[in-house]
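Numbering (full-length UniProt numbering), first residue to last: 1 to 335. Below is one structure, written out as structure tokens, with a few remarks after it.
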């Protein structure tokens, strides 16, 4: 597991702010352009405003050690291909003055994207939006299966070992907030059940391939009646296609309308691709896989606002979901 360097406190963020300001010099912007921090998660994300032209963009300053330049280039290749080949609305990369898609400032890699219109899906419309999301996700999966990846394409995997094994990309769930005593026992049983079910499910090409891996609501932009725009492909990689649904339910897995959202998502998905009943029966396995990953993420990202806000309460709710999942009578029943 790599240490999340952006969790290093105000001194680190001050240095990253300086990187963002210096990065602006590489782009065709006026000297009055500014970079305002809007989010810190795996990377630091800035809104770029140029008052002389009225233009707005998004600048991503990468954390150290998470992706190689080749992996970042591969991410940018896929989001461009999705837009060009499949018509999925993804943000265009805005090249630097010299035409490069990435710029290097000190040790950090920076990428600038166009600013897309839209807002995160509204809570009162989640059931309806999940049907559109299901169809959109299926289009992305259809593209991933058929796309001839360019030479040198490289992205990491989201298999069991990467999630919960020695690598533990987002940290160990055992180090999550409030994971001790009974909670540790429940989540330990969940981890073992996930291991067994995922092994039985297998990773054949109809079930496992290139995915976004972080299709949570914050990475979707709704604008009018068009399908949602998809942003932030930083975690895209190879994983189970159904993990994209688990990720879409991030932080809201306990919402009372989640079973309706899942039904809506599968209905939309099937307008584009087949979803066999035996695959649908394992949906909650991927919801709980993502949930356990987020317990680990909260523990390893304690300086991030949402991690501080959720804390041990998220672990407690995770245990409730895990108990219902572990004791359900039929694999296709919601927990």
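All C-beta atoms, glycine included, are put in the ideal place defined by N, C-alpha and C. Every value quoted in this text rests on a predicted model; they were computed, and no experiment measured them.
- DSSP places residue 238 in no alpha helix (DSSP H) but in the uninterrupted beta strand (DSSP E) bounded by 237-240.
- Residue burial is scored here from C-beta neighbours: residue 72 has at least 16 other C-beta atoms within 10 angstroms and is therefore classed as buried.
- If you compare the alpha carbons of 193, 87, 56, 294 with that of residue 143, the shortest gap goes to 87.
- For residue 101, the CB contacts under 8 Å within the same chain, skipping 5 residues up- and downstream, are 73, 76, 93, 95, 111 in chain order.
- Taking a contact as a CB-CB distance under 8 Å, the pair residue 97 and residue 158 does not count as one, their CB atoms being some 36 Å apart.
- For the set 325, 32, 17, 121, the Cα lying nearest the Cα of residue 222 is the one of 121.
- Around residue 37, the same chain offers 46 as residues with beta carbons nearer than 6 Å, after the five sequence neighbours per side are excluded.
- At the C-beta level, residue 63 and residue 39 stay beyond 7 Å of one another.
- By the criterion of a C-beta distance shorter than 7 Å, residue 103 is surrounded in its chain by 23, 26, 96, 110, once the five residues flanking it on both sides are discounted.
- A straight-line Cα-Cα distance of about 19 Å links residue 197 and residue 166.
- For residue 117, the CB contacts under 6 Å within the same chain, skipping 5 residues up- and downstream, are 223 in chain order.
- A direct Cα-to-Cα measurement between residue 108 and residue 19 gives close to 8 Å.
- Judged by DSSP secondary structure, residue 83 falls outside any alpha helix (DSSP H); it is assigned neither H nor E.
- In the structure shown, the three-state DSSP call for residue 186 is helix.
- By a beta-carbon distance limit of 8 Å, residue 245 contacts residue 286. Their separation comes to about 6 Å.
- Judged by DSSP in its simplified three-state form, residue 213 adopts coil rather than helix or strand.
- Going by C-alpha positions, residue 247 is about 33 Å away from residue 106.
- Secondary structure within the stretch 142-200: the alpha helix (DSSP H) runs of 4 or more consecutive residues, fully enclosed, are 160-164 (chain order).
- Distance from the CA atom of residue 309 to the CA atom of residue 78, rounded to whole angstroms, is 33 Å.
- Distances from the CA of residue 235 to each of 162, 316, 28 were compared; the closest alpha carbon is that of 162.
- Here residue 295 is near residue 315, since their CB atoms are less than 7 Å apart.
- Between the alpha carbons of residue 164 and residue 199 lies a distance of about 14 Å.
- Taken through DSSP and simplified to helix, strand or coil, residue 304 comes out as coil.
- Between residue 298 and residue 177 the beta-carbon gap is near 6 Å, inside 8 Å, which marks them as a contact.
- In this structure the stretch 48-60 does not lie against the stretch 134-150, because fewer than three pairs of beta carbons, one per stretch, are closer than 8 Å.
- Around the beta-carbon of residue 301, 16 or more other beta-carbon atoms lie within 10 Å, marking it buried.
- If you compare the alpha carbons of 303, 312, 320, 325 with that of residue 11, the shortest gap goes to 303.
- For residue 21, there is no enclosing beta strand (DSSP E); the enclosing alpha helix (DSSP H) covers residues 10-24.
- Burial is judged here by how many other beta carbons sit within 10 angstroms of a residue's own beta carbon; residue 91 has at least 16 and is buried.
- A straight-line Cα-Cα distance of about 19 Å links residue 185 and residue 160.
- Residue 148 and residue 237 have their alpha carbons spaced roughly 15 Å apart.
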